[in-house]
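Below is one structure, written out as structure tokens; comments come after it.
As structure tokens, then:
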């Protein structure tokens, strides 16, 4: 998605070979118009997948998934992060380890908001090693629901999250795919859809 | 706002005389179309206030403020909650005590995203005793910026947050004002604007 790549190039900051900071438009300050366009593009990529619910994770997943859910005319559910496990029977839970923060969070979703009939589109802001996305697929599977697809705003293609998810059989669509952050420079993977044309 | 009051009546749950659960459309599962309408209504109420930035708090403030910021064509910034104070000079911080969760969170906003020229519209999902809103005003004041208004989705008018904020001189607009949750029943305050007509 060219508009997103342009924002990453012009407004993102490469902090190291592995870390891209996008808190000026996605993670802390939000460019709502860009996020509306991101959400619509994610919806377009999964429009034929009979999605009944969009599932994301607080907090940075909410803005990009908001308009995706609205375009698909389905509810948006965000998983909550908690440091400690809440001992209760009315939630689905999964553990997510964050390499950036070096901590494990329990993520939880109320059983009220996911059921076996649901075809779920999982959306997250970043895909690196896939920990958050995998945690969300486990939540969906606990509900006996179906993961109909995984939509990502920014994929760090030099980490193994994307390949892990694809090998597990999930349909993954990422709007910006970063090949490298080396030497403070963002390089994008060329889009295979364009190459096929 | 009638559409919001209707959602509260039909889809909210009164847990006790003080607690209203709205996690089916606002706090956990999000009705994006309702939140778009909420955001537009909040924008309308502050359209003449020369807003330059909308400030909310993660995670439940993001959905209702998203379209407000978009309608006003200004960036949305969300304050981050942390259990422990991050010792750094590049953020504004404030302490917020949650009576519901009985814990104190530090809320932080990067100095990059608020400056002395800003006229800030603070938005939050709930207003009860006003702790979160007051914490956000302190952040704005640390930046030498101006609190141009406070927009609330659901005000518990039987608690003192609203009167505290108004006494401090802030312009407060709440889309649904709850007079009482007694006996499991939601009663709304009549709208003074309507009474004046």
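Protein chains in written order, with the working numbering: chain A, 282 to 478; chain B, 282 to 478.
Glycine included, each C-beta is placed from N, C-alpha and C at the ideal position.
Model, not experiment: these values are computed from the prediction.
From the options, pick the residue whose C-alpha is nearest to that of residue i; which is it?
i, options, result
"residue 399 (chain A)", "A:285, A:330, A:438", "A:330"
"residue 334 (chain A)", "A:309, A:352, A:340", "A:352"
"residue 389 (chain B)", "B:373, B:323, B:411", "B:373"
"residue 436 (chain A)", "A:349, A:461, A:423, A:314", "A:461"
"residue 292 (chain B)", "A:287, A:312, A:346, A:393", "A:393"
"residue 418 (chain B)", "B:308, B:295, B:452, B:316", "B:452"
"residue 323 (chain A)", "A:359, A:459, A:431", "A:431"
"residue 320 (chain A)", "A:357, A:449, A:391", "A:357"
"residue 442 (chain A)", "A:464, A:414, A:424", "A:414"
"residue 350 (chain A)", "B:317, B:409, B:304, B:410", "B:317"
"residue 420 (chain A)", "A:305, A:455, A:465, A:395", "A:395"
"residue 391 (chain B)", "A:294, A:310, A:447", "A:310"
"residue 370 (chain A)", "A:424, A:428, A:438", "A:424"
Could you tell me the boundaries of the beta strand (DSSP E) in which residue i lies?
i, result
"residue 466 (chain A)", "That residue, residue 466 (chain A), is in no beta strand (DSSP E); it is neither H nor E in DSSP."
"residue 411 (chain B)", "That residue, residue 411 (chain B), is in no beta strand (DSSP E); it is neither H nor E in DSSP."
"residue 397 (chain B)", "No beta strand (DSSP E) holds residue 397 (chain B); DSSP gives it neither H nor E."
"residue 386 (chain B)", "384–391"
"residue 300 (chain A)", "No beta strand (DSSP E) contains residue 300 (chain A), which DSSP labels as neither H nor E."
"residue 374 (chain A)", "372–379"
So, under 8 Å CB-CB, residue i and residue j are touching, yes? Tell me the CB distance rounded to an integer number of Å.
i, j, result
"residue 301 (chain B)", "residue 467 (chain B)", "7 Å"
"residue 346 (chain A)", "residue 289 (chain A)", "Incorrect: roughly 18 Å between the Cβ atoms, too far for contact."
"residue 397 (chain A)", "residue 282 (chain A)", "Actually they are not in contact, since the Cβ atoms of residue 397 (chain A) and residue 282 (chain A) sit about 33 Å apart, beyond 8 Å."
"residue 469 (chain B)", "residue 284 (chain B)", "The pair is not a contact, with the Cβ atoms about 13 Å apart (cut-off 8 Å)."
"residue 376 (chain B)", "residue 342 (chain B)", "Between residue 342 (chain B) and residue 376 (chain B) the Cβ distance is about 17 Å, and since that is not below 8 Å, they are no contact."
"residue 426 (chain A)", "residue 401 (chain A)", "5 Å"
How would you write the range of the alpha helix (DSSP H) that residue i sits in, first residue to last?
i, result
"residue 443 (chain A)", "442–448"
"residue 437 (chain A)", "It is not in any alpha helix (DSSP H) - residue 437 (chain A) instead sits in the beta strand (DSSP E) that spans 427–437."
"residue 285 (chain A)", "283–292"
What residue ranges within the stretch 319–357 of chain A form continuous beta strand (DSSP E) runs of no fewer than 3 residues, ordered along the chain? For the beta strand (DSSP E) assignment, the uninterrupted runs of no fewer than 3 residues enclosed by the stretch 319–357 of chain A are, from N- to C-terminal side, 334–338.
So if I threshold CB-CB distances at 9 Å, which residues from the stretch 399–423 of chain B count as touching chain A? Against chain A - using a Cβ distance shorter than 9 Å - the stretch 399–423 of chain B contributes no residues.
Under 7 Å (Cβ pairs) to chain A, residues found in the stretch 340–359 of chain B: Answer set for the stretch 340–359 of chain B: 340, 343, 344, 347, 350, 351, 356, 357, 358, 359.
Within 7 Å of chain B by C-beta, residues of the stretch 313–325 of chain A in sequence order: 313, 314, 317
What residues in the stretch 421–452 of chain B bring their beta carbon closer than 7 Å to a beta carbon of chain A? none
Given a limit of 7 Å on CB to CB distance, which residues of the stretch 376–392 of chain B reach chain A? 391
Which residues, taken in chain order from the stretch 295–306 of chain A, show a beta carbon closer than 9 Å to some beta carbon of chain B? 304, 305, 306
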